[in-house]
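S.K.: So the sequence shown is numbered by our numbering: it starts at 566 and just counts up by one.
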Amino acid sequence: MEADKTVETSINIPADTKSKSKGKAPLSISSKTVVEPPPKRGVKKGLAIGDFVLRLCAMGATTGAAVTVGNAQQTLPFFTQFLQFQAQYNDIPTLVFFMIACAIVTGYLVISLPFSVICIIRPLATPPRLLLVIFDAMVAGLTIAAGSATASIIYLAHNGNPNTNWLPFCQQFGDFCQSVSGAVVGCLIAGALLLFILILSAFALKRS
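And the structure:
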């Protein structure tokens, strides 16, 4: 058998002497890519840290409100042991709803803390922050609803209603009403903190 022969051909293209003589530079095509500046990671991390701190404050407020209402009770001292008037939170359905709502919000805030830590570690991650925004809005509505409903009941307990002959309840049970009033204030503070958390989260998502 004959060995295969490979023929190499080369084409020499003469240089354009006219362009060299006239001093014209060869044309070159260059493409420039615009590099966008990276997102401000430090700003997002600062917002995530603020979110974590506000969650801890809101959790403390709702926990204090739930514990205060659960332990709020008063017995009038000027009756015998066989006939006594006692005020407890479970005597008023609104206070029962208030305590359950505060307990639910506290449990949610405890569960949300790991997600908030994830946002601190990965400040550019959008899914965990978006998930927190959705549930934060629901919990903020529940907190404000519970605080507002209980505030209206406490207002009637302090002032009564002369048009319906409702006597002021807190004239006899002053300590009980004072404890519940403090719990309502704590609940409304927690609602305000949750709204501020929503604003921070929305601002962080907008900058992504």
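Glycine included, every Cβ here is placed at the ideal spot set by N, Cα and C.
Using a threshold of 7 Å, is the CB atom of Gln736 nearer than that to any non-hydrogen atom of the ligand COA?
M.R.: This structure does not include the ligand COA; it has no bound ligands of any sort.
S.K.: Just checking my contact of Leu770 with Ala705 at CB under 8 Å: how many whole Å lie between their CB atoms?
M.R.: Not quite, the Cβ-Cβ distance comes to about 16 Å (not below 8 Å), so this is no contact.
S.K.: Mapping DSSP to helix, strand and coil, what is Asn730?
M.R.: Residue state, collapsed to three classes: coil.
S.K.: Are the beta-carbon atoms belonging to Ala652 and Val698 less than 8 Å from one another?
M.R.: Not closer than 8 Å, so no.
S.K.: Thinking Ser746 and Ile718 are a contact (beta carbons under 8 Å), I'd like their distance in whole angstroms, please.
M.R.: Actually they are not in contact, since the Cβ atoms of Ser746 and Ile718 sit about 11 Å apart, beyond 8 Å.
S.K.: For the segment 690-737, which segments carrying the alpha helix (DSSP H) assignment without a break, of at least 4 residues, lie completely within its bounds, in sequence order?
M.R.: As far as the segment 690-737 is concerned, its whole alpha helix (DSSP H) runs of at least 4 residues are 692-724.
S.K.: Closest to Ala666 by CA distance: which of Ile709, Asn724, Asp701 is it?
M.R.: Ranking Ile709, Asn724, Asp701 by Cα distance to Ala666 puts Ile709 first.
S.K.: For Thr652, does the three-state DSSP call read helix, strand or coil?
M.R.: Thr is not the amino acid found at residue 652; the sequence shown has Ala there. Note: Ala652 maps to strand in three-state DSSP.
S.K.: Does the segment 732-752 touch the segment 623-636, meaning 3 or more C-beta pairs lie closer than 8 Å?
M.R.: Touching, yes.
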